[in-house]
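Chains A and B, in that order, give the protein sequences. Following our numbering, the numbering of the first sequence begins with 3 at its first residue and continues without gaps. Following our numbering, the numbering of the second sequence begins with 6 at its first residue and continues without gaps. Ideal placement from N, C-alpha and C gives every residue a C-beta, glycine not left out. What you are looking at is a predicted structure, and each value in this text was computed from that prediction instead of being measured. First the structure, in the form of structure tokens, and then the observations on it.
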Amino acid sequence: MAKATVHVMLKQGVLDPQGEAVRHALGALGFAGVEGVRQGKVIELDLADGTTEADVQQMCEKLLANTVIESYRIEMA
Amino acid sequence: MRAAVITFPGSNCDRDLVVAFEGAGFDVTRVWHKDTDLPAGIDIVGIPGGFSFGDYLRCGAIAANSPICQSVVAHANRGGYVIGICNGFQVLTETRLLPGALMRNAGLKFLCKPVALTVADTDSVFTQNYDLGSDVIIPIAHHDGNYTADADTLAQLRGEGRVAFRYAANPNGSADDIAGVLSANKRVLGMMPHPERAVDARHGGTDGARLFAGLAGMLATA
Chain A
3 MAKATVHVML KQGVLDPQGE AVRHALGALG FAGVEGVRQG KVIELDLADG TTEADVQQMC
63 EKLLANTVIE SYRIEMA
Chain B
6 MRAAVITFPG SNCDRDLVVA FEGAGFDVTR VWHKDTDLPA GIDIVGIPGG FSFGDYLRCG
66 AIAANSPICQ SVVAHANRGG YVIGICNGFQ VLTETRLLPG ALMRNAGLKF LCKPVALTVA
126 DTDSVFTQNY DLGSDVIIPI AHHDGNYTAD ADTLAQLRGE GRVAFRYAAN PNGSADDIAG
186 VLSANKRVLG MMPHPERAVD ARHGGTDGAR LFAGLAGMLA TA
């Protein structure tokens with residue numbers, strides 16, 4: 003069975019409040035070597051036979067990502 | 006006048022919105038998310054607050070792709086009126102009936118309190134009952150109310166008088182202090198604050214009632 007992994011991230015330039023909070027928390031723990039954190043999500047799809055990367059792209063455009071603020075990357079395996 | 010209020014799994018302000026519409030004189034029909042058609046003769050659709058589909062994936066994303074929302078989009082595209090409040094605003098941005106998106110509050114906290122809003126435009130059925138530039142007190146209750154849009158969109162909203170309400174003191178990081186935006190034809194309003202929670206003196210204020218009363222007045226004469 004084919005798998006698709008979709009990585010969804012906020013677009014560059016969109017301020018990520020959660021990533022900023024994680025960065026501050028890391029600093030508070032003494033990890034001084036972090037200059038930026040961006041948080042996204044990973045969505046794994048188990049694909050039926052015949053489902054193509056183009057289909058997955060449609061899924062991303064229609065539902066999995068909000069392209070107003072998010073970008074996505076598809077890995078097929 | 007006839008209003009339809011949609012209920013999704015996880016909606017929790019749908020009854021309040023029905024009460025607010027009825028208080029202004031609307032006949033209200035409640036509509037379930039799996040329904041495919043709006044009742045005939047509906048003047049305005051209300052999309053309530055809450056946590057539709059548990060806020061899974063993104064707030065409003067799954068609701069925006071539900072069967073009834075296709076009818077809501079068609080209703081809006083025919084020039085019909087729609088108001089989306091809180092989660093309803095998130096649904097409207099996800100359908101792309103309204104531009105931009107609602108992100109996690111800048112302070113990361115869920116915010117639940119009355120706030121002052123400045124009425125930024127009074128050239129719509131939703132806002133014509135308010136005084137331009139006046140402040141009204143309406144409660145907010147959201148975790149993801151941080152409005153964002155690209156610079157061109159923000160300039161366009163401002164230039165076209167499509168910012169309905171601004172926060173007097175920005176609680177959540179929203180771009181341009183935006184609390185509510187209108188569609189290009191000004192017949193679709195999305196706002197994070199809850200006017201339906203300010204329609205009775207026992208709510209602590211009635212500034213929201215003027216929105217529904219204004220709506221009723223305009224739609225009755227339309």
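Take residue 130 (chain B), set aside five residues on each side of it, and the residues of its chain with a beta-carbon closer than 6 Å to its own are 220 and 223, in chain order. Between residue 28 (chain A) and residue 36 (chain A), the CB-CB gap stays under 8 Å.
Going by C-alpha positions, residue 20 (chain B) is about 9 Å away from residue 10 (chain B). In terms of Cβ geometry, residue 199 (chain B) and residue 142 (chain B) do not form a close pair [threshold 8 Å]. Restricted to the segment 45 to 85 of chain B, the alpha helix (DSSP H) segments that are unbroken, complete and at least 4 residues in length are 66 to 69 and 72 to 82, listed in chain order. No Cβ-Cβ contact shorter than 8 Å links residue 119 (chain B) with residue 28 (chain B).
Using a Cβ-Cβ cut-off of 8 Å, residue 16 (chain A) is close to 108 and 153 of chain B, given in chain order. Inclusion of residue 92 (chain B) and residue 57 (chain B) in the CB contact set at 8 Å is warranted, their separation being smaller than that value.
In the DSSP assignment, residue 151 (chain B) falls within the beta strand (DSSP E) that extends over 151 to 153. At least one CB atom of chain A sits nearer than 8 Å to the CB of residue 70 (chain B).
If you look at residue 164 (chain B), you'll find it in the alpha helix (DSSP H) that goes 156 to 164. Straight-line measurement puts the Cα of residue 124 (chain B) at about 15 Å from the Cα of residue 217 (chain B). Counting the other Cβ atoms within 10 Å of the Cβ of residue 204 (chain B) gives 16 or more, which makes it buried. At a cut-off of 8 Å, the C-beta of residue 189 (chain B) has no neighbouring C-beta in chain A. Neighbours of residue 60 (chain A) across chain B, judged by C-beta separation under 8 Å, do not exist; the nearest C-beta is about 13 Å away. Looking at the backbone, the Cα of residue 171 (chain B) and that of residue 214 (chain B) are separated by about 18 Å.
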